[in-house]
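Working notes, structure below.
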Amino acid sequence: MIEFEQVGKVYPDGTAAVDDLSFEVEEGELVTLVGPSGCGKTTTMMMVNRLIEPTSGRILVDGQDISGIDPVKLRRGIGYVIQQVGLFPHRTVLDNTATVPALVGWKKARARERAAELLDLVGLDPGTYGSRYPAQLSGGQRQRVGVARALAADPPVLLMDEPFGAVDPVVRERLQNEFLKLQATVRKTVLLVTHDIEEAVRMGDRIAVYGQGCIEQFDTPAAVLGTPATPYVAEFVGADRGLKRLSVTRIETDDLEQPPVARLDETAGTVAGRLHTEGARWAVVLRQDGGLHGWVAADSLQGASGTVGPQARRMEAWVPVGAPLKQAFSEMLQHDAGWVAVLDGDRFLGVLTPAKLHEALRRSVDADAHGLARDEVEFKSISDV
Ligand code: ADP
Ligand code: MG
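For the sequence shown, numbering that gives the first Met the number 0 begins at 0 and goes up steadily by one.
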C-alpha cells in the first residue's frame, strides 16, 4: 500500500535526514517507525503526504508514484495525526472533527453526522463533548479528537506522528489500547512514529528501527526483541527486552489453569462438597449463561444455605484468549487480583495466574532459537513491573 524505493532526503542546508530507505507497508498493516530524536522519522512520514519532497528515490501509494499526484488530492486519502493535535481552538469538538469532510465538499449535515459517529467511535459521547471547545478537554480527550478527525473522511492511509506523546503514561496506555481496538475494525494502513520502543512493540504489526537516517531492522516485534539484527538494535530495545516480550507473547489455551468452576444457581452445599473433595479453596463462578461472574471462597460456603449466588464475589479481571500476556498482567494489577479469567467470546476457558504467566513468558523465550538465554529474562514480581 505504501512503498518506499531507495528514498533519500537532503535538506537545502545539506542535512541528510534519511538515506536509501526501502520498505513496504501492506494494506491494513500498522507499521511503527521507532528511533531516537533526529533519526529521520518525521521526515519519512511527511514525504508520504508530500509535506516534504524526497531528493532521491520514489514513493508509491496504492501502486501510484505520488510525485505525479496532486498533493491536495493525495492528502484527502491520508489522515494525519500529530502530537500537538492542532485542533482549531475556536471551533467546537464536533466542527473540528468535521473539518476534513467539510473541506472535501460534504454537506454540512452529513459532515456533522459523520463527525458524531467518529467521536463515538473514539469513546467521546458527541452529546457531551461535541459542543465543547478544545480547551475544555483533557489532553487525552484532545488526542482522541485528533484521531477522530483524521479518520473522519475515511482515508485508507493514516500517518501518526508521536500521536500519544503528549499525555501521561496511564492515559497513553489507554489510548494505545483504544486505538488498537479501533484499528481492528477500521483496518487502515498506518505508519506510526514514536521514539518509545515500548509503544512501537505494542502497536506495530511490524517495526522499523531507525539508526541515523536509515533502517537497521524491519521486522515483527517478536523478531526485533528476540533477535536484534545489529548491536545498535539490541541496545536500543534495551536490556529489559525479556519483559517487553510480555507485550508480544499471546495467551494460549495451554497456558491456563483449570480451577473448580461453580454456577451461580448451584446450591452452596453441593459446591462446598466438591471443593472439599478436590482440596480447593475457591472456585470460579459463572452465570447461568456461562459468562464470568466472579469467584467464591470455600470458607464462605461452609454452612451456607441456598445457592452460591449470595456468597459469590464479582470479579472483573478477564482477557480474551490470544491477548498479549501484558494485558493479562495489567488486568491483574488494575483489579488487584491473583488471577485473570481467560474467555473465548463469552465462554470461560480457564484462568491465568502469575506463575502460569511466567511459564508462558519462558515458553516464548525458549521457542526462540537465537533468542535470549533463560537467565536474561527479567521477571521478578508483579510489583516490579
Ligand atoms: P525525527 O522525527 O526522527 O526526530 P526528523 O525527521 O524531524 O527526525 O529530522 C531528521 C534530521 O533532519 C534531523 O537532523 C533534523 O535536524 C533535520 N531536519 C529536519 N527538518 C529539517 C529542515 N527543515 N531543514 C534542515 N534540517 C532538518
Ligand atoms: Mg519527529
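Heads up, the beta-carbon is just placed ideally off N, CA and C, and yes, glycines get one too. All values reported here derive from a predicted model rather than from experimental measurement.
Distance, Gln5 Cα to Ala15 Cα: 14 Å
Am I right that Ala134 and Pro88 are in contact with their C-beta atoms under 8 Å? What's the rounded C-beta distance? The pair is a contact, with the Cβ atoms about 6 Å apart (cut-off 8 Å).
Sorted by chain position, which residues of the same chain lie with C-beta nearer than 7 Å to Thr252's C-beta, five sequence neighbours on each side aside? Exclusion of the five residues before and after Thr252 leaves Val320, Leu348 as the residues of its chain whose Cβ lies within less than 7 Å of its Cβ.
Three-state secondary structure (DSSP) at Thr229? coil
With DSSP as the reference, label Arg273 as helix, strand or coil. helix
Burial state of Val247, where buried means 16 or more other Cβ atoms lie within 10 Å: buried
Grouping DSSP H, G and I as helix and E and B as strand, with all else coil, what is Phe3? strand
What I want to know is whether the C-beta of Asp160 ends up closer than 8 Å to one or more non-hydrogen atoms of the ligand MG. yes
Figure out for me which residue from Val92, Asp345, Ala282 has the closest Cα to the Cα of Glu256. Ala282
Considering only heavy atoms of the ligand MG, does any lie closer than 8 Å to the CB of Thr41? yes
Sub-9 Å separation of Leu157 and Ala149 beta-carbons: yes
To the nearest angstrom, report how far apart Glu265 and Ser299 are at their CA atoms. 14 Å
According to DSSP, is Ser8 part of a helix, a strand, or is it coil? Reading off the sequence, residue 8 comes out as Lys, not Ser. The answer is strand: DSSP assigns Lys8 an E or B state.
In its own chain, which residues sit with a C-beta less than 6 Å from the C-beta of Val99, not counting the 5 before and 5 after it? Ala151, Ala152
Local conformation of Ile68 per DSSP, three classes: coil
Cβ of Asp61 within 9 Å of Cβ of Met0? yes
Coil, strand or helix - Gln301 by DSSP: coil
To test your reading of the DSSP string, which unbroken beta strand (DSSP E) runs of 3 or more residues are found completely within the region 113-173? DSSP runs (the beta strand (DSSP E)) wholly in the region 113-173: 156-160.
Strictly by DSSP, which residues pair up with Val307? Residue pairing from DSSP leaves Val307 without any beta-bridge partner.
Val30: beta carbon under 8 Å from a heavy atom of the ligand MG? no
Between Glu377 and Ala207, what straight-line distance do the alpha-carbon atoms span, to the nearest angstrom? Interpretation of Glu377 is limited by its pLDDT of 37, a score under 50 that renders its predicted location unreliable; no figure is taken from the coordinates.
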